[in-house]
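Numbering of the sequence shown is given in UniProt numbering, commencing with residue 1 and proceeding in unit increments. We treat Cβ as the ideally placed atom computed from N, Cα and C, and that holds for glycine. All values derive from a computational prediction rather than experimental measurement. Take a look at the structure below.
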Amino acid sequence: GKRMLFYSVFKRLIGKEIVVELKNDLALRGTLHSVDQYLNFKLSDVQVVDQERFPHMISVKNCFIRGSVVRYVQLPEGELDPEVLQDSTRTEVAKEQASK
Numbered sequence: 001g002k003r004m005l006f007y008s009v010f011k012r013l014i015g016k017e018i019v020v021e022l023k024n025d026l027a028l029r030g031t032l033h034s035v036d037q038y039l040n041f042k043l044s045d046v047q048v049v050d051q052e053r054f055p056h057m058i059s060v061k062n063c064f065i066r067g068s069v070v071r072y073v074q075l076p077e078g079e080l081d082p083e084v085l086q087d088s089t090r091t092e093v094a095k096e097q098a099s100k
């Protein structure tokens, strides 16, 4: 249901820069390389947002982020068209109702 909606939204953002904030307060900015149906992310060209707080992460350039540890994902401004999001939502709801 909801997870598939987010999955289809994030798939559209592959190749774009996003910021992923984890539940441990670590925020990583990077290019979305891939996402799977569990909302696990692979980022490339990674930068730590708060380098003073997480100096041990500065050398990380590519990473895999498990979906269960993600708190927020900041999307690129103007990248998500509200109409596209509404269409995706309608499609997922229709799929869900058809499978019942």
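- The shortest C-alpha to C-alpha distance from residue 74 to any of 3, 5 and 49 is the one to 49.
- For residue 8, the secondary structure class from DSSP, reduced to helix, strand or coil, is helix.
- When the Cα atoms are used, residue 36 and residue 52 turn out to be separated by approximately 31 Å.
- Taking 8 Å as the cut-off, the beta carbon of residue 14 is found no closer than this to the beta carbon of residue 44.
- Minimum Cα-Cα distance from residue 12 among the listed residues 93, 90, 95 and 76 corresponds to 76.
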